[in-house]
Amino acid sequence: APGRPGLVTGMDACGSQAAVTYIVFVFSLPADIISTVEFNHTGELLATGDKGGRVVIFQREQESKNQPHRRGEYNVYSTFQSHEPEFDYLKSLEIEEKINKIRWLPQQNAAYFLLSTNDKTVKLWKVSERDKRPEGYNLKDEDGRLRDPSMITVLRVPVLRPMDLMVEATPRRVFANAHTYHINSISVNSDYETYMSADDLRINLWNFEITNQSFNIVDIKPANMEELTEVITAAEFHPHHCNTFVYSSSKGTIRLCDMRTAALCDRHAKFFEEPEDPSNRSFFSEIISSISDVKFSHSGRYIMTRDYLTVKVWDLNMENRPIETYQVHDYLRSKLCSLYENDCIFDKFECVWNGSDSVIMTGSYNNFFRMFDRNTKRDVTLEASRENSKPRAILKPRKVCVGGKRRKDEISVDSLDFSKKILHTAWHPSENIIAVAATNNLYIFQDKVN
Amino acid sequence: MLGKGGKRKFDEHEDGLEGKVVSPTDGPSKVSYTLQRQTIFNISLMKLYNHRPLTEPSLQKTVLINNMLRRIQEELKQEGSLRPMFVAASQPADPLSDNFREAQPAFSHLASPPLLPADFVSTMPLESCLTPASLLEDDTFCTSPAVQHDGPTKPPPPALQPVKDSFSSALDEIEELCPAPTSAEAVAAESAADDSKAQPGESNIHKPEGLPESRTAESKLMDPLPGNFEITASTGFLTDLTLDDILFADIDTSMYDFDPCTSATGAASKMAPVSADELLKTLAPYSSQPVTPNQPFKMDLTELDHIMEVLVGS
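Here it is in structure tokens:
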């Protein structure tokens, strides 16, 4: 029956699109456009990076008897400046401080660690809590000013006293000077000792402990740059096999590599490419085939890729075509020339799996985002907007009208706002909680549990 | 942005402009196909050359736009339309475009051989250690794997044996004028080119062309820099065009009076201030293709010659 709460996975059996109920939290980040969103491995923390080089971390409230209705709310936990703008004097160009990606390390002690990167430099940040401080120094007073030694008559031992919780972020490692081109991806290895960073032409492997050296594991730079026709667009380690990773290209191909076979993984172990559909061929075929994101499923059995118009799921054991293809916004196919002219065709949408790999999600224009249930084959379009986002609002599915009569509540293709694009989304690792970044607003949608 | 009413007629009415390709052989649709192609070509050129960002342009975007332009150019060549814009003028351009044709099928081959020259891939021993990323910036990667012994220590950049032919002597001359690392890179590229059977001419021709383009230079991070290496693939495309139209008439050439002192680090001992004119004179005998950034100067020179002829002769 319509109105039953739950996500797409809980849609009713009779097939009509159920309205889904969500608790919604909206955070507005002052001034800056969110450029990446990532839950940590437990889902307790949610990190966002923005164009201004800042990282904001949200933490989920613990269950509390005093305020049971606030269980599960996310609130700001820590904010810090991760990257600053730099100037490359050799090229006379600015290096943007925009955070391209954040990746969490699994938690191994009381502190949290994350990697954040801009175009050139990766940094390892430690986020830790301090709730005690030492008091009673002999040589300095509580403000830190030095005391006059001649005035000290008594010796005392400093003690730790409780203080208001303070969350500090400190940069523990800076991994710099290893990328000539712009870093598009970072991925923590399942060995938790190494990670990789990928730019347009190369992928480097780092050890967390060593900052002055990284090893090149993929290099597609041609001897003559004028022969360059393909770049690396995304890369990720396999979630369980620490020797395996994939990288995607601007020509719509995915290569799976095994680091055990050779030091330089220019020869792939598997090559995933779907043959072109001749009936859909156009001038823009190559551009729209360029893969903007690649993600392993949690199980490690599948990879999901996002190109301009579709999301595809590939079985690692089948290289010649994807096992599933989902149309995100096929109505744009007739608008490709305009989208090429205004550069929208180069927008890099990301895609995410839910915790059980049964639902996939990706963004679109007009602040729409789409979810596809792989089992039921149902899909839904939702909107991240202020009007829809009162707490406990029922999120209404949206629909784009592609021609003919436009029904009430439908939006026509020509009315879509292409400046409102949802490029970055994240899904809680185990629960039905999603984070959607719409320009400078972060929306957190949470499944309402009765 | 799209949306509020179709300003562009083609979007709404011309089926041929958007979406599917109309086969060029269809009679009545051929015009709209040609129109579509020309429009996209113009848009692509505008994107590449009107964009003056403060930050480095996206390489992916540049590559995709460049591929688009090449595809259209290929089509036009195959159709035999020899409009001045697309004339593959004399022999240097043809080998270049042959290179493109070679390169692209090679790359798109499904077995996907690596883009490194095949010989070097085969000489790279499997048991060789991982290449430290710092070495990549030598751009002498074609020789560095052979030199590696242990991973953690950075091997010294290998000494290169310059091949003594007319090109390398030309490059040596250029080296006199320009930062030393550029020649190292050019010689490396030359050896790479020689070994990979590609015509040795092209890569060397285009390396010097890249010199004045300081804005898109590749930066060497730790070791002596390879110099101002033209990384925008668009340069290759430009050399195919005879630039006699408005496209480059208003290029701001102040950018091209590059000061070598700002480019290389350390070892460049032969740096001397070089003006674009000197560079042009050096390059002119070795390349019948106009050097891109100096194009305006070349136009001025020929115009000047022309004027001189008119004044003195006739």
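In the order they appear, the protein sequences are chains W and P. In terms of full-length UniProt numbering, the first sequence has 143 at position 143, counting the first letter as 1, and numbering is strictly consecutive. In terms of full-length UniProt numbering, the second sequence has 301 at position 301, counting the first letter as 1, and numbering is strictly consecutive. Built from N, CA and C at the ideal position, the CB exists for glycine as well.
So which residues on chain W does P/Met68 lean against when the C-beta distance must stay under 9 Å? Here the neighbours are Phe283, Phe284, Glu286, Ile287, Tyr340.
Helix, strand or coil, according to DSSP, for P/Thr55 in the structure here? Here P/Thr55 sits in strand by DSSP.
Could you tell me the alpha carbon to alpha carbon distance between P/Thr302 and P/Met308, rounded to whole angstroms? Each residue's Cα considered, the two are about 10 Å apart.
Beta-carbon proximity of W/His182 to W/Ser197, cut-off 8 Å: Against a cut-off of 8 Å, the Cβ pair of W/Ser197 and W/His182 comes out as no contact.
Residue(s) in a DSSP beta bridge with W/Ser128: Per DSSP, the beta bridge partners of W/Ser128 are W/Glu168.
When you compare only the Cα positions, how much space is there between W/Lys98 and P/Leu54? Using only the alpha carbons, I get a separation of about 14 Å.
What does a CB cutoff of less than 7 Å around W/Cys242 pick up in its chain, not counting 5 residues either side in sequence? Here the set comprises Asn189, Ser190, Asp191.
Could you name the residues of the segment 340-356 of chain W whose beta carbon sits closer than 7 Å to any beta carbon of chain P, in the order they occur along the chain? For the segment 340-356 of chain W, which is checked against every Cβ of chain P, the residues closer than 7 Å are Tyr340, Glu341, Asn342, Phe346.
By DSSP, does W/Cys257 sit in helix, in strand, or in coil? In the three-state reduction of the DSSP assignment, W/Cys257 falls in the strand class.
So the candidates are W/Leu93, W/Phe80, W/Phe87; which of them puts its Cα closest to the Cα of P/Pro57? With respect to the C-alpha of P/Pro57, the residue from W/Leu93, W/Phe80, W/Phe87 having the closest C-alpha is W/Leu93.
Closer than 8 Å at the beta carbon, the chain W residues around P/Leu64: Going along chain W in sequence order, the residues near P/Leu64 (Cβ under 8 Å) are Ser250, Glu286, Ile287, Ser290, Phe346.
Unbroken beta strand (DSSP E) run spanning W/Asn204, endpoints: 202-207 is the extent of the beta strand (DSSP E) around W/Asn204.
W/Asp307, DSSP secondary structure in three states: Of the three classes helix, strand and coil, the one that applies to W/Asp307 here is coil, per DSSP.
Contact with chain P by W/Cys337, beta-carbon distance below 8 Å: W/Cys337 counts as touching chain P.
Residue nearest to W/His240 in terms of C-alpha spacing, selected from W/Glu226, W/Ser282, W/Lys270, W/His298: Minimum Cα distance to W/His240 is reached at W/His298.
Could you tell me the distance, in whole angstroms, from the CA atom of P/Pro293 to the CA atom of W/Ser116? Confidence at P/Pro293 is low in this model, with a pLDDT of 45, below 50, so its placement is unreliable and the value that follows should be read with caution. So the two alpha carbons sit approximately 38 Å from each other.
Using a Cβ-Cβ distance cut-off of 8 Å, determine whether P/Glu56 contacts chain W. At least one C-beta of chain W is nearer than 8 Å to the C-beta of P/Glu56.
DSSP three-state assignment for W/Asp330, whether helix, strand or coil: The answer is helix: DSSP assigns W/Asp330 an H, G or I state.
Am I right that W/Phe237 and W/Thr211 are in contact with their C-beta atoms under 8 Å? What's the rounded C-beta distance? Not a contact, Cβ separation roughly 20 Å.
For W/Phe284 and W/Ile345, believed in contact at Cβ under 8 Å, the rounded distance: That pair is a contact at about 7 Å.
Return the first residue and the last residue of the alpha helix (DSSP H) that W/Glu341 is part of. Unbroken alpha helix (DSSP H) run through W/Glu341: 336-341.
Helix, strand or coil, according to DSSP, for P/Leu69 in the structure here? P/Leu69: helix per DSSP, three-state reduction.
To the nearest angstrom, report how far apart W/Pro322 and W/Asp315 are at their CA atoms. Near 7 Å, if we compare the C-alpha coordinates of W/Asp315 and W/Pro322.
Unbroken beta strand (DSSP E) run spanning W/Asn432, endpoints: For W/Asn432, no beta strand (DSSP E) segment is defined, and its DSSP state is neither H nor E.
Using the DSSP secondary-structure output, state which residues sit across from W/Cys401 in a beta bridge. DSSP, once it has assigned bridges, lists W/Ser412 as partnering W/Cys401.
Would you say W/Glu236 reaches chain P, if we count a Cβ-Cβ gap shorter than 8 Å as a contact? Interface residue (Cβ-Cβ distance to chain P less than 8 Å): W/Glu236 is not classified as such.
Give me the Cα-Cα distance between residue 474 of chain W and W/Leu139, rounded to the nearest whole angstrom. Nothing about residue 474 of chain W can be read from this structure; chain W reaches only from 1 to 450.
Whether W/Ser290 touches W/Ser250 by CB criterion (8 Å): Pairing W/Ser290 with W/Ser250 gives a Cβ-Cβ distance under 8 Å.
Three-state class that DSSP yields for P/Pro24 in the structure shown: Low confidence applies here, because P/Pro24 scores a pLDDT of 47, under 50, leaving its location unreliable; read the following figure in that light. Three-state DSSP puts P/Pro24 in coil, outside helix and strand.
Put W/Pro158 into one of helix, strand or coil per three-state DSSP. The answer is coil: DSSP assigns W/Pro158 none of H, G, I, E or B.
By the 10 Å Cβ neighbour count, where 16 or more other Cβ atoms means buried, how is W/Arg172 classified, buried or exposed? Answer is exposed; the Cβ neighbour count stays below 16.
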